[in-house]
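Take the sequence shown: its letter number 66 is residue 65 in numbering that gives the first Met the number 0, and every next letter is one higher.
Ideal placement from N, C-alpha and C gives every residue a C-beta, glycine not left out.
Note that the coordinates shown come from a computational prediction; the quantities given were computed from them, not determined experimentally.
Below is one structure, written out as structure tokens; comments come after it.
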Amino acid sequence: MITFGKDDSWDLEIDDNGNFAIKEGQEQIAQDVATSVKIYRGEYVFDINRGVPYENVLGERLNQSLIQEYMNSEAKRINDVLNTTVIFNQLDTSRTLDYDILISTKDGVIEGL
């Protein structure tokens with residue numbers, strides 16, 4: 000499957016030739032995992048069973064282990080992903096959850112987006 004590159008604002012990237020940038024290898028896996036865990040379950044029209052069921056955790060006291068479980072389950076749908084570790088940095092004043100994801104693959108560990 001082809002993964003189009005996304006920039007820091009999560010818009011499509013354009014390469015030096017004016018074409019859509021394509022991600023491959025570890026960058027592709029990292030971006031695919033990041034995309035998967037950002038999708039609310041039911042939001043992806045081609046497969047409404049994809050995504051994280053954020054409705055189960057929104058409005059509740061932050062349950063890090065439950066969020067980790069949901070994200071790990073969704074990330075494992077990506078080819079070559081064996082496991083993930085979500086590192087929670089903090090819940091900031093804008094009520095935004097700040098986290099990093101370490102992705103374990105057969106080729107080693109990579110840091111997700």
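Straight-line Cα distance separating N55 from K22: Rounded to whole angstroms, K22 to N55 spans 32 Å at the Cα level.
Between the beta-carbon of I1 and the beta-carbon of V80, is there less than 9 Å? Result no, Cβ atoms of I1 and V80 do not sit closer than 9 Å.
Reference N88, options N48, L61, K75 and K105, closest by Cα: That would be L61, whose Cα lies nearest to the Cα of N88.
Using the rule of at least 16 other Cβ atoms within 10 Å of the residue's Cβ for burial, across every protein chain shown, is E73 buried or exposed? Burial call: buried.
Identify whether V108 lies in helix, strand or coil by the three-state DSSP scheme. Note: V108 maps to strand in three-state DSSP.
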